[in-house]
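A.B. asks: Here it is, the structure, as structure tokens.
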Amino acid sequence: MAKAKYTTHLGMVDILPGEVEKWRALEAIIHEEAAKFNFEEIRTPIMEQTELIKRGIGQLTDIVTKEIFAFTKGDSNYVLRPELTAPVVRAFVEHHMQQRGGAQKLYYIGPMFRAERPQKGRQRQFHQFGVEIIGSDNPIADVECIAFMMQIYKRIGVKNFNLKLNSVGDPESRERYKEVLKEYLLPNFDKLSELSKTRLEKNPMRILDSKEPEDKPIIKNAPIIGDYLNDESAAHFQKVCELLSALEIEYTIDPLLVRGMDYYTRTAFELTSPDLGSQDALAGGGRYDLLVEEIGGLPTPAVGFAAGMERLLIACEELDISLAPAKTVDVYIVTLGDAAKHWGITTLSTFRDSGISATMDYLGRSMKAQMKDANRENARFTIIVGDNELENNKFTLRNMHESEEAQLNLSEILDKLKG
Ligand code: HAM
3 MAKAKYTTHL GMVDILPGEV EKWRALEAII HEEAAKFNFE EIRTPIMEQT
53 ELIKRGIGQL TDIVTKEIFA FTKGDSNYVL RPELTAPVVR AFVEHHMQQR
103 GGAQKLYYIG PMFRAERPQK GRQRQFHQFG VEIIGSDNPI ADVECIAFMM
153 QIYKRIGVKN FNLKLNSVGD PESRERYKEV LKEYLLPNFD KLSELSKTRL
203 EKNPMRILDS KEPEDKPIIK NAPIIGDYLN DESAAHFQKV CELLSALEIE
253 YTIDPLLVRG MDYYTRTAFE LTSPDLGSQD ALAGGGRYDL LVEEIGGLPT
303 PAVGFAAGME RLLIACEELD ISLAPAKTVD VYIVTLGDAA KHWGITTLST
353 FRDSGISATM DYLGRSMKAQ MKDANRENAR FTIIVGDNEL ENNKFTLRNM
403 HESEEAQLNL SEILDKLKG
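Using the numbering used here, the first residue of the sequence shown is number 3, and each one after it goes up by one.
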């Protein structure tokens with residue numbers, strides 16, 4: 003086939019019929035489970051102010067330095083949202099949502115944009131669902147986030163994963179740890195990768211999740227943050243672990259888990275799947291107790307997570323999990339002649355008004371071709387209409403799956419299909 007003149011941008015994909023049904027099924031599951039957790043949906047614009055994203059996620063992060071799609075128009079800077087934590091917090095502050103009382107338990111589904119090098123499971127426009135609980139520093143909030151995340155995978159039947167957990171500490175614990183870490187890394191400076199060398203001064207903790215082979219042996223023996231948490235952070239982490247065990251959610255503590263955004267404090271977690279190949283992170287999240295204040299709100303603790311929807315769908319494919327049934331239509335009206343066509347187009351609405359999906363040929367095809375089309379559309383029933391049928395007010399209703407036929411009038415057909 004000739005190559006199309008216009009195509010999608012690199013790393014941005016069309017979701018075509020056949021695929022969309024899986025997305026809708028997944029979205030329906032997310033909405034249903036969110037309702038069970040008493041989370042409320044929030045929808046924010048696709049574009050935000052660049053400054054919000056830089057400030058929220060961190061000036062030196064990969065996302066901000068390399069991956070944002072940003073542009074200027076008039077006096078305004080726009081950025082396609084690379085994630086939703088900072089935008090949701092912006093909305094919380096902008097709309098004084100703390101006045102609604104209690105912790106705000108928000109969830110979202112939508113597209114995000116990051117200018118990464120595309121590969122399987124990594125796109126430039128991808129979709130996340132996620133939760134942000136704003137206004138509670140109780141470990142119950144951390145665990146509810148994780149429980150919701152796990153519930154979605156459990157319900158879908160994706161069971162093969164690893165929940166990694168860490169505490170990245172509060173600022174006091176982290177400052178202490180960063181000093182110790184720098185002291186450890188400095189004598190190894192020459193052996194570090196170029197990327198890690200650049201991170202040593204301003205963001206030494208990011209070195210811990212370096213993928214560069216030369217960094218690995220150095221990281222292996224590095225001091226771990228768990229040994230430098232102050233009493234409060236340690237107690238918080240301990241409680242999160244206890245509650246997860248009480249909920250029978252399995253996890254492993256990974257002292258090297260630091261996550262890629264600057265806003266994290268205390269709990270950090272990531273869900274990985276061996277079914278995913280190199281882009282193995284299904285979901286990730288954690289606490290961000292300072293972000294609300296950072297972007298202009300009152301000091302307000304918060305915790306959340308986001309999950310990649312493409313990656314969840316890839317896992318379903320690998321595991322042969324089908325989220326949506328094959329497409330089908332209840333009735334296909336097969337017509338012969340102009341009077342039958344007229345009857346068909348006017349009767350379609352009778353079916354639809356009774357909650358029955360119905361279609362007919364739009365191309366003036368032969369009866370044989372219409373029957374073939376009805377099969378392709380996976381119609382449950384066909385109604386065959388010609389001049390004789392119109393005259394006698396009796397139509398052939400054929401059950402396409404059981405190859406049975408009956409001669410019925412319209413109201414009998416409606417009764418049969420509704421029953
Ligand atoms: P994140 O780890 O950057 O966290 O993204 C969460 C998930 O989004 C990843 O685990 C992955 O499944 C998916 N994802 C990320 N980038 C891509 C990509 N380029 N293509 C496909 N999927 C991708 C966040 O976004 C934080 N906002 C999570 C959070 C919420 N933390 C607190 N609250």
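The C-beta atom is built at its ideal place from N, Cα and C for all residues, glycine as well.
All figures in this text were calculated on a predicted structure; none of them were measured in a lab.
Following the continuous alpha helix (DSSP H) through Gly58, name the residue where it begins and the one where it ends.
C.D. replies: That run of the alpha helix (DSSP H) goes Thr52 to Ile59.
A.B. asks: Could you tell me whether the segment 8 to 26 touches the segment 51 to 62, using the rule of 3 or more Cβ pairs below 8 Å?
C.D. replies: no
A.B. asks: As a quick exercise: from His403, Met402, Leu392 and Glu404, pick the residue whose alpha carbon is nearest that of Leu410.
C.D. replies: Leu392
A.B. asks: Would you say the beta carbon of Met152 comes nearer than 7 Å to a heavy atom of the ligand HAM?
C.D. replies: no
A.B. asks: Could you check if Gly286 belongs to the surroundings of the ligand HAM, using beta carbon to heavy atom distance under 7 Å?
C.D. replies: It does: the Cβ of Gly286 is within 7 Å (strictly closer) of some heavy atom of the ligand HAM.
A.B. asks: Does the ligand HAM have even one heavy atom less than 7 Å from the beta-carbon of Ala36?
C.D. replies: no
A.B. asks: Check whether the Cβ of Glu312 lies closer than 7 Å to any heavy atom of the ligand HAM, and answer yes or no.
C.D. replies: yes
A.B. asks: Which residues in the same chain as Ile450 place their Cβ atom closer than 6 Å to its Cβ, once the five residues preceding and following it in sequence are excluded?
C.D. replies: Any answer about residue 450 is impossible in this case: the structure gives the chain only from 3 up to 421.
A.B. asks: Between the Cα of Leu325 and those of Asp332, Met311, Val336 and Tyr334, spot the shortest distance and give me the residue it belongs to.
C.D. replies: Closest by alpha carbon: Met311.
A.B. asks: Thinking C-alpha only, which one of Ile226, Thr337, Glu134 and Asp144 is nearest Leu86?
C.D. replies: Glu134
A.B. asks: Mapping the DSSP letters down to three states, classify Val170 as helix, strand or coil.
C.D. replies: coil
A.B. asks: If we ignore side chains and look at the alpha-carbon of each, how far apart do Pro47 and Val81 end up?
C.D. replies: Approximately 11 Å, taken between the alpha carbons.
A.B. asks: Tell me where the alpha helix (DSSP H) around Leu28 begins and ends.
C.D. replies: Val22 to Lys38
A.B. asks: Could you say which of Glu234, Ile323 and Val294 lies nearest to Pro89 if we only look at CA atoms?
C.D. replies: Val294
A.B. asks: Are Ala224 and Leu183 close, meaning C-beta to C-beta below 8 Å?
C.D. replies: yes
A.B. asks: Based on DSSP bridge pairs, tell me the residues matched to Val387.
C.D. replies: Thr337
A.B. asks: Would you check if there are 3 or more beta carbon pairs closer than 8 Å linking the segment 395 to 412 to the segment 376 to 383?
C.D. replies: As far as the Cβ criterion goes, the segment 395 to 412 touches the segment 376 to 383, which means the pair count is three or higher.
A.B. asks: Taking only heavy atoms of the ligand HAM into account, decide whether any of them is closer than 7 Å to the Cβ of Arg354.
C.D. replies: no
A.B. asks: Let me know if Gln130 comes out buried or exposed under the rule of 16 or more other beta-carbons within 10 Å of its beta-carbon.
C.D. replies: buried
A.B. asks: Measure the alpha-carbon distance for Cys318 versus Glu174 and round it to whole angstroms.
C.D. replies: 42 Å
A.B. asks: Closest by CA to Asp256, which one among Lys193, Leu245, Phe239 and Ala117?
C.D. replies: Phe239
A.B. asks: Under the criterion of a Cβ to heavy atom distance below 7 Å, does Glu85 qualify as lining the ligand HAM?
C.D. replies: Yes; taking the cut-off as 7 Å, the Cβ of Glu85 has a heavy atom of the ligand HAM nearer than that.
A.B. asks: Please decide whether Val66 counts as near chain C, where near means a Cβ-Cβ distance under 8 Å.
C.D. replies: Annotation note: the requested chain C is absent from the structure, which comprises a single protein chain.
A.B. asks: Using CA coordinates, which residue listed in Thr274, Asp264 and His344 is at the minimum distance from Met362?
C.D. replies: His344
A.B. asks: Suppose you measure from the CA of Asp217 to the CA of Ser195; what does that come to, to the nearest Å?
C.D. replies: 6 Å
A.B. asks: Less than 7 Å between the CB of Met362 and some heavy atom of the ligand HAM, yes or no?
C.D. replies: no
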